[in-house]
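Peer 1: Structure in structure tokens, see below.
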Amino acid sequence: MESRPLSPQPPPGEGWWRALREGLREFGQALVTPSAPGAPPLSGARRQWVRAVPYLVALAFVASLLPVTVTVLVQDYGVNGMTAGALATAQTAPLLLALTRPLPAWWVIFTADVLGALALMAAPGTEGRPWPWTPMVVVGYPLLMVLLALRESRRTLTAVWLATGAAGLAFEGVRRELGGGIHLLLFVLSGVTLVLTYALRSRGEARQRLAEQETISEAERARRTLLEERARIARELHDVVAHHMSVITVQADSAPYRVQGLPPEAVEEFGSIAAAARESLAEMRRLLVVLRNEESGGERAPQPGLEKLQQLVEATVRAGVPARLSLAADVGEVGQAVGLSAYRIVQEALSNVVRHAPGAPTTVSVRGDSTDLTVLVVNGPAAEAVTPLEHGGTGHGLVGMRERVRLTGGTLDVGPLPDGGFRVAARIPLGPDPADGPGDPGGPDDRDAPQDPGDPGDPGDPGNPRDLPKGSS
115 MESRPLSPQP PPGEGWWRAL REGLREFGQA LVTPSAPGAP PLSGARRQWV RAVPYLVALA
175 FVASLLPVTV TVLVQDYGVN GMTAGALATA QTAPLLLALT RPLPAWWVIF TADVLGALAL
235 MAAPGTEGRP WPWTPMVVVG YPLLMVLLAL RESRRTLTAV WLATGAAGLA FEGVRRELGG
295 GIHLLLFVLS GVTLVLTYAL RSRGEARQRL AEQETISEAE RARRTLLEER ARIARELHDV
355 VAHHMSVITV QADSAPYRVQ GLPPEAVEEF GSIAAAARES LAEMRRLLVV LRNEESGGER
415 APQPGLEKLQ QLVEATVRAG VPARLSLAAD VGEVGQAVGL SAYRIVQEAL SNVVRHAPGA
475 PTTVSVRGDS TDLTVLVVNG PAAEAVTPLE HGGTGHGLVG MRERVRLTGG TLDVGPLPDG
535 GFRVAARIPL GPDPADGPGD PGGPDDRDAP QDPGDPGDPG DPGNPRDLPK GSS
């Protein structure tokens, strides 16, 4: 039987020693790798005096601790004045640097604290007094820990805390007769300060990330609402465009039979027109399949126009809103796109009244001239004895109104009235649709209005514009 050489076994304790060396190396890297310099605490506050608070606090610590440290070192510990001044400056002045660069400031202060402990070891007045850290060190060190915990990583904070404890323990071991347990006090106090500050910082960062995520989600919802409303309008306008294309096809096909004596070239041209119209209709049907969703079955019903406004108002009256319609006699035939847009604007405005101002007297006015069709829906305040059905929503209403007005090149004016009512005014041009419409008219409102109970074929959920200022569009 072939024997295989055994792999050499590590000596006992080598694995533990390797792990210790790796941990010390990581802590050493954390101590010499500060975070990027940044703004001081409270720098994002709106008020200037709030932004100045961290500087005032740090300056107050420096202004109070520096002279006290010099006095105590000279009079109580017996340190000469020059040494006491240098130590006091190095132990306190870097607190101002710690506002933006806390780890380099800690290195300066910690080194000064260690050098001060060494100087006090040989001072004549150290016997019977706190050592290796003076009371001024214990007072200023927690502020440094707060500034560190607001900026540095958890590994760096752990390394700082352990270095503080190791230095105090080393001094305690060298001159046990001088130590009075103050190194343990500083070790515990700094640890508690680091934990509490880092916990508050983590909570604030979590809340900030949540707020940012909510902002992103709100923007995505607004964009999705806008796209859904545009797709809905496109589906509705399919019937309007398809009707015109069908008329073109029929006219082109029947032209050779209705008009006698057409030359062969004209007959061939009419045939090409009819073929192109039929191909366009087929492409539109394919586009409609893409635009339709599973809930859009009711949209196959004929699209309403101005002739359906009376039924819409009567349905609103049955819902408990005293509404009346004023349809000017001079409003003649309008295009299907204009009539559909006017109907939907009135429908969404009345839906707002039904849901958000039940019982409010409402007037619907439709007038026209040679160039424009004006739609005006005005309601008074809600009846006092009636509670609104809803106070918030998804924001489809203003999106629908804006998109329909934008489609026709018109304008929209919505806003509250002084008496507590609301006004929706739309001007829709009666001329040809503009080739290049205006840009995106704006984001959706943050509230919605209900589906009109008198029109079950409308899948949208119009929104409530009641919080917008008058004149927005």
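Quick note on this note's numbering: the sequence shown kicks off at 115 and runs consecutively. Beta carbons: idealized from backbone N, C-alpha and C, even for Gly.
Return the CA-CA distance between E291 and G242, expressed in angstroms with no decimal places.
Peer 2: Their backbone Cα atoms lie some 9 Å apart in a straight line.
Peer 1: Distance check for L180 and P208, CA to CA, integer angstroms please.
Peer 2: Straight-line Cα distance between these residues: approximately 11 Å.
Peer 1: Return yes when the Cβ of V164 is within less than 8 Å of the Cβ of L156, no when it is not.
Peer 2: Their beta carbons are under 8 Å apart, which means L156 touches V164 by this criterion.
Peer 1: With DSSP as the reference, label L441 as helix, strand or coil.
Peer 2: The answer is strand: DSSP assigns L441 an E or B state.
Peer 1: R265 to L314, Cα distance in whole Å?
Peer 2: If I take the Cα positions, the gap works out to 12 Å.
Peer 1: Run through DSSP, which three-state label would T240 get?
Peer 2: Coil.
Peer 1: How big is the Cα-Cα spacing for Q450 and A320?
Peer 2: Rounded to the nearest angstrom, the two C-alpha atoms are 52 Å apart.
Peer 1: When we look at the beta-carbon of I459 and count the other beta-carbons within 10 Å, is it buried (16 or more) or exposed?
Peer 2: With 16 or more Cβ atoms within 10 Å of its Cβ, I459 is classed as buried.
Peer 1: Any contact of the stretch 217 to 227 with the stretch 184 to 194, i.e. 3+ C-beta pairs under 8 Å?
Peer 2: Counting Cβ pairs under 8 Å, fewer than three are found: no touch.
Peer 1: For G435 versus V468, is the C-beta spacing smaller than 8 Å?
Peer 2: According to the sequence provided, residue 435 is Val. The question's Gly does not apply to it. In contact: V435 and V468 (Cβ atoms closer than 8 Å).
Peer 1: Using the three-state DSSP reduction, which class does G482 fall into: helix, strand or coil?
Peer 2: Note: G482 maps to strand in three-state DSSP.
Peer 1: So, using beta-carbon positions, are V452 and L487 closer together than 8 Å?
Peer 2: Result yes, Cβ atoms of V452 and L487 sit closer than 8 Å.
Peer 1: Determine which residues share a DSSP beta bridge with L487 and list them.
Peer 2: Looking at the DSSP assignment, L487 forms a beta bridge with G482, I542.
Peer 1: Identify whether P530 lies in helix, strand or coil by the three-state DSSP scheme.
Peer 2: The answer is strand: DSSP assigns P530 an E or B state.
Peer 1: Short of 6 Å in beta carbon distance, which residues of its chain neighbour P418, apart from the five on each side in sequence? Order them along the chain.
Peer 2: Once the five neighbours on either side are set aside, the close Cβ partners of P418 are Y457.
Peer 1: Within 10 angstroms of its Cβ, does T339 collect 16 or more other Cβ (buried), or is it exposed?
Peer 2: Burial call: buried.
Peer 1: When DSSP labels each residue in this structure, what does N493 get in the three-state scheme?
Peer 2: Strand at N493.
Peer 1: What are the partner residues of R268, as DSSP defines its beta bridges?
Peer 2: Per DSSP, none; premise fails for R268.
Peer 1: Could you compute how far the alpha carbon of F536 sits from the alpha carbon of G524?
Peer 2: Computed Cα separation, rounded: 20 Å.
Peer 1: Classify A380: buried if its beta carbon has 16 or more other beta carbons within 10 angstroms, exposed otherwise.
Peer 2: Its Cβ having fewer than 16 others within 10 Å, A380 is exposed.
Peer 1: Contact defined as beta carbons within less than 8 Å: I believe L271 pairs with Y312. What is the distance between those atoms, to the nearest angstrom?
Peer 2: About 6 Å; that satisfies the 8 Å criterion.
Peer 1: For T214, does the three-state DSSP call read helix, strand or coil?
Peer 2: Residue state, collapsed to three classes: coil.
Peer 1: Which of the three DSSP states, helix, strand or coil, is assigned to G279?
Peer 2: DSSP places G279 in helix when its eight states are reduced to three.
Peer 1: When the Cα atoms are used, what is the spatial distance from A284 to T183?
Peer 2: Approximately 23 Å between the Cα atoms of the pair.
Peer 1: Kindly list the residues whose CB is nearer than 8 Å to the CB of L597, restricted to its own chain and excluding five residues on each side of it in sequence; keep chain order.
Peer 2: Because residue 597 is not part of the residues shown, which for the chain are 115 to 587, the question remains open.
Peer 1: My guess is that L201 and L173 are in contact by the Cβ rule of under 8 Å, so how many angstroms apart are they, rounded?
Peer 2: With 8 Å as the limit, L201 and L173 do not qualify as a contact, their Cβ atoms being about 20 Å apart.
Peer 1: Apart from the five residues on each side of it in sequence, which residues of its chain come closer than 7 Å, Cβ to Cβ, to V260?
Peer 2: So the qualifying residues of the chain are T307, T311.
Peer 1: Quick check: does the Cβ of R290 come within less than 7 Å of any heavy atom belonging to the ligand HEM?
Peer 2: The ligand HEM is not part of the structure shown, which contains no ligands of any sort.
Peer 1: Tell me whether T225 sits in a helix, a strand or coil according to DSSP, three-state version.
Peer 2: DSSP places T225 in helix when its eight states are reduced to three.
Peer 1: Please classify R139: is it buried, with 16 or more other beta-carbons within 10 angstroms of its beta-carbon, or exposed?
Peer 2: So R139 counts as exposed.
Peer 1: Could you tell me the alpha carbon to alpha carbon distance between A281 and V228, rounded to whole angstroms?
Peer 2: So the two alpha carbons sit approximately 8 Å from each other.
Peer 1: When DSSP labels each residue in this structure, what does T147 get in the three-state scheme?
Peer 2: If DSSP states are grouped into helix, strand and coil, T147 belongs with coil.
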